[in-house]
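Trainee: First residue of the sequence shown? That's 33 in our numbering, and the numbers climb one at a time after it. Below you'll find the structure I mean.
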Amino acid sequence: MLSAISTKGETNMQFRLVKVAGVDDAIISLFMSKRSYTCEKADNVRRTVAKYSDHAGFIHLPDNDTQETAQIRDWLENITKYGAQLGYKRNHETILRFIDFTVETVGLHKAGMGDLDAHAQRMNNRIVRSSSRLAEFASGEKSEFYDEKVMSVGEVISLMRESKAEVNIPETVEINGVDYRFNGFGYIRKGYCDDQDVIRGTYMLSIPSDSIWKADFIGMKHIYAMRNKHTHAHPELRDGMEQVAGQIEQALPIVGKAITNEWVNGEWVHVSETEFKKR
Numbered sequence: 033m034l035s036a037i038s039t040k041g042e043t044n045m046q047f048r049l050v051k052v053a054g055v056d057d058a059i060i061s062l063f064m065s066k067r068s069y070t071c072e073k074a075d076n077v078r079r080t081v082a083k084y085s086d087h088a089g090f091i092h093l094p095d096n097d098t099q100e101t102a103q104i105r106d107w108l109e110n111i112t113k114y115g116a117q118l119g120y121k122r123n124h125e126t127i128l129r130f131i132d133f134t135v136e137t138v139g140l141h142k143a144g145m146g147d148l149d150a151h152a153q154r155m156n157n158r159i160v161r162s163s164s165r166l167a168e169f170a171s172g173e174k175s176e177f178y179d180e181k182v183m184s185v186g187e188v189i190s191l192m193r194e195s196k197a198e199v200n201i202p203e204t205v206e207i208n209g210v211d212y213r214f215n216g217f218g219y220i221r222k223g224y225c226d227d228q229d230v231i232r233g234t235y236m237l238s239i240p241s242d243s244i245w246k247a248d249f250i251g252m253k254h255i256y257a258m259r260n261k262h263t264h265a266h267p268e269l270r271d272g273m274e275q276v277a278g279q280i281e282q283a284l285p286i287v288g289k290a291i292t293n294e295w296v297n298g299e300w301v302h303v304s305e306t307e308f309k310k311r
């Protein structure tokens with residue numbers, strides 16, 4: 033009996049929040065609205081937020097507040113209130129758009145990456161993905177979700193040969209007088225076997241794809257609303273969006289929960305149960 037070649041450990045899928053930026057700008061924007069801005073206030077915000085943030089911009093507040101951390105909580109509650117808790121027709125979303133997230137996605141299957149990339153406008157086109165022309169893929173390489181679910185032709189042949197089974201598939205074939213060579217995924221016409229633009233035409237949609245992308249708070253909220261665990265998105269992409277949403281809530285106290293929830297009648301309600309995704 034043949035056993036699929038496991039690639040686990042090499043292609044484990046993950047969405048990794050690596051940076052949060054602009055929280056101080058969002059706070060300062062409130063001073064602008066009320067015309068209470070001063071250079072000293074702004075400098076104090078930046079200095080205080082930076083003091084309780086790590087190099088990635090993740091905010092760490094102690095259980096027992098100091099005067100400074102209590103002030104940070106108050107600022108975060110205010111940007112949450114005016115940015116997310118007034119009702120979607122009244123929220124000042126621009127406040128939250130000052131907050132940017134950087135995410136590194138590793139091992140998401142190619143089709144799932146296409147589904148994520150469909151939201152490039154919400155990222156202000158700030159996404160760079162693995163190139164199937166510049167990168168090379170082995171015939172058995174696939175994302176974690178597809179491991180042990182699908183196998184390429186080349187993978188099957190390799191396993192059959194290991195088990196001493198007879199393999200009749202030819203390395204080259206002639207069709208209508210034209211020679212084609214097998215590359216592990218399919219057959220490529222002679223003369224194009226080293227052409228990366230042609231080679232990538234044989235790749236399966238299950239190959240792993242990596243990316244780095246940025247989205248502001250409202251853009252991230254929309255992407256989550258469309259691709260969270262309660263949607264019909266691919267399971268791997270749903271899992272990835274839940275990963276990053278959880279990381280945001282940890283990295284950004286108080287306001288972070290507004291990624292996954294809408295404020296309805298005085299309480300947080302998951303976006304899947306609201307009208308947010310129709311916007």
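Heads up, the beta-carbon is just placed ideally off N, CA and C, and yes, glycines get one too. Bear in mind that the values here come from a model prediction, so they are computed numbers and not experimental data.
I'd like to confirm something about A290: is its beta-carbon nearer than 6 Å to some heavy atom of the ligand MG, or not?
Mentor: This structure lacks the ligand MG; in fact it carries no ligand of any kind.
Trainee: If I measure Cβ to Cβ from T234 and keep anything under 7 Å in the same chain, skipping five residues before and after, which residues do I get?
Mentor: Excluding residues within five positions, the ones whose Cβ falls inside 7 Å are N215, F217, G218, I220.
Trainee: Just grab the DSSP bridge partners of D211 for me.
Mentor: E206, per the DSSP bridge assignment.
Trainee: Can you tell me whether L140 is helix, strand or coil according to DSSP?
Mentor: Strand at L140.
Trainee: Rounded to whole angstroms, what's the CA-CA distance from N96 to F90? Just pull it up for me.
Mentor: Rounded to the nearest angstrom, the two C-alpha atoms are 18 Å apart.
Trainee: Using a threshold of 7 Å, state whether the C-beta atoms of K246 and T134 are closer than that.
Mentor: Yes. Within cutoff.
Trainee: Indicate whether A53 and I111 have their beta-carbon atoms separated by less than 7 Å.
Mentor: It is not a contact, given that the beta carbons lie outside the stated cut-off.
Trainee: So, V160 versus I244, is the Cβ gap smaller than 7 Å?
Mentor: Yes. Within cutoff.
Trainee: As a quick exercise: from M64, I127, Q117, H141, pick the residue whose alpha carbon is nearest that of D271.
Mentor: The shortest C-alpha separation from D271 is found at H141.
Trainee: Let me know if N208 comes out buried or exposed under the rule of 16 or more other beta-carbons within 10 Å of its beta-carbon.
Mentor: So N208 ends up on the exposed side.
Trainee: Here's the rule I'm using: 16 or more other beta-carbon atoms within 10 Å means buried, otherwise exposed. How should A277 be labelled?
Mentor: Flag for A277 reads buried.
Trainee: Would you give the residue range spanned by the alpha helix (DSSP H) that P267 belongs to?
Mentor: First-last of the alpha helix (DSSP H) with P267: 267-283.
Trainee: My understanding is that A265 touches D147, with C-beta atoms under 8 Å, so please give their C-beta distance in whole angstroms.
Mentor: Confirmed, Cβ separation roughly 6 Å.
Trainee: Could you check what DSSP says for D229 in three-state terms: helix, strand or coil?
Mentor: Helix at D229.
Trainee: Can you tell me the Cα-Cα spacing of E294 and I239, whole angstroms?
Mentor: When rounded, the distance between both Cα atoms is 35 Å.
Trainee: Jot down the residue ranges of each uninterrupted alpha helix (DSSP H) in the stretch 70-121, minimum 4 residues, whole runs only, in chain order.
Mentor: You should have 71-83, 99-116.
Trainee: Within 10 angstroms of the Cβ of V182, are there 16 or more other Cβ atoms? Answer buried if so, exposed if not.
Mentor: With fewer than 16 Cβ atoms within 10 Å of its Cβ, V182 is classed as exposed.
Trainee: I need the DSSP call for F217, collapsed to helix, strand or coil.
Mentor: Correct three-state label for F217: coil.
Trainee: I need the straight-line Cα distance from M145 to E72, nearest angstrom please.
Mentor: Rounded to whole angstroms, M145 to E72 spans 44 Å at the Cα level.
Trainee: Helix or strand or just coil, what does DSSP make of K246?
Mentor: K246: strand per DSSP, three-state reduction.
Trainee: When the Cβ atoms of the stretch 154-169 are set against those of the stretch 190-201, are three or more pairs found closer than 8 Å?
Mentor: No, the stretch 154-169 does not touch the stretch 190-201.
Trainee: If you draw a straight line from the alpha carbon of I131 to that of F177, how long is it in whole angstroms?
Mentor: Computed Cα separation, rounded: 32 Å.
Trainee: Within its chain, find whatever has a CB closer than 6 Å to the CB of R79; leave out the 5 residues flanking it on each side and keep chain order.
Mentor: Excluding sequence neighbours, R79 sits near nothing in its chain.
Trainee: From K196, D242, E274, pick the residue whose C-alpha is nearest to that of I255; which is it?
Mentor: The residue with the shortest Cα to Cα distance from I255 is E274.
Trainee: Taking only the alpha-carbon atoms, compute the straight-line gap between E136 and N44 and give it to the nearest angstrom.
Mentor: Cα-Cα distance, rounded: 13 Å.
Trainee: Distance check for E180 and I231, CA to CA, integer angstroms please.
Mentor: Distance between the alpha carbons of I231 and E180 is about 24 Å.
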